[in-house]
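Chemist:
Residue numbers (the working numbering): 1490 to 1673.
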């Protein structure tokens, strides 16, 4: 009906705006990842495996909307999950400098840094991040019980390191990661 047409136009306009803002951020970088923008986790423009993974994670207690992710050299941004232009900039930096930068610059050395971080960083923060991303077993109240797999603490550590590289680039863990790169 007419409502769907207007909603479709609204989604297209939002995707176009998010694409424009995120591309302006990326264009300022020396190494430019690709950019893909979609509207909601049911949008066929989002990779099928990501939609399926999101559904699985939600069924297991993951909370919140996927704002973006980095995959195969591209930053993927979910326009439906972002409310402001500042959110778009934040997600572009998080995925581009956080994850793409971590993987692109650390290479195989990243896992060593993440392992150290998983063992030595604030355990409550790691556990909260694991719960948020569906990487933890929880009780009926959503309280952390244990990690789901051996990789779960590393995934939580990578999310935290990506956030730190964005919000506190001079933090001890970001400096450790940079030192590991230089040593590598």
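Heads up, the beta-carbon is just placed ideally off N, CA and C, and yes, glycines get one too.
Which term fits residue 1492, buried or exposed, when burial requires 16 or more other beta carbons within 10 angstroms of its beta carbon?
Modeler: Note on residue 1492: pLDDT 48, under 50, position unreliable in the model; no value is reported.
Chemist: Can you have a look at residue 1490 and say buried or exposed, based on whether 16 or more other CB atoms are within 10 angstroms of its CB?
Modeler: Confidence at residue 1490 is low in this model, with a pLDDT of 43, below 50, so its placement is unreliable and the value that follows should be read with caution. By the 10 Å Cβ count, residue 1490 comes out exposed.
Chemist: Residue 1636 bridges to which residues according to DSSP?
Modeler: Partner(s): 1625.
Chemist: Is the separation between the beta-carbon of residue 1624 and that of residue 1641 shorter than 7 Å?
Modeler: Yes, Cβ-Cβ distance for residue 1624 and residue 1641 is below 7 Å.
Chemist: I'd like the span of the beta strand (DSSP E) that includes residue 1524, first residue to last.
Modeler: It spans 1523-1527 - the beta strand (DSSP E) in which residue 1524 sits, taken as one unbroken run.
Chemist: On the CB-based measure, 16 or more other CB atoms within 10 Å of its CB, does residue 1616 come out buried or exposed?
Modeler: With 16 or more Cβ atoms within 10 Å of its Cβ, residue 1616 is classed as buried.
Chemist: Have a look at residue 1499 and residue 1505 and give me their C-alpha separation to the nearest angstrom.
Modeler: Distance between the alpha carbons of residue 1499 and residue 1505: 10 Å.
Chemist: Mind checking whether residue 1527 and residue 1534 have CB atoms under 7 Å apart?
Modeler: Yes, the Cβ-Cβ distance between residue 1527 and residue 1534 is below 7 Å.
Chemist: Which of the three DSSP states, helix, strand or coil, is assigned to residue 1567?
Modeler: Residue 1567: strand per DSSP, three-state reduction.
Chemist: Could you check if residue 1585 is buried or exposed, using at least 16 other CB atoms within 10 Å of its CB as the buried criterion?
Modeler: Buried is the call here.
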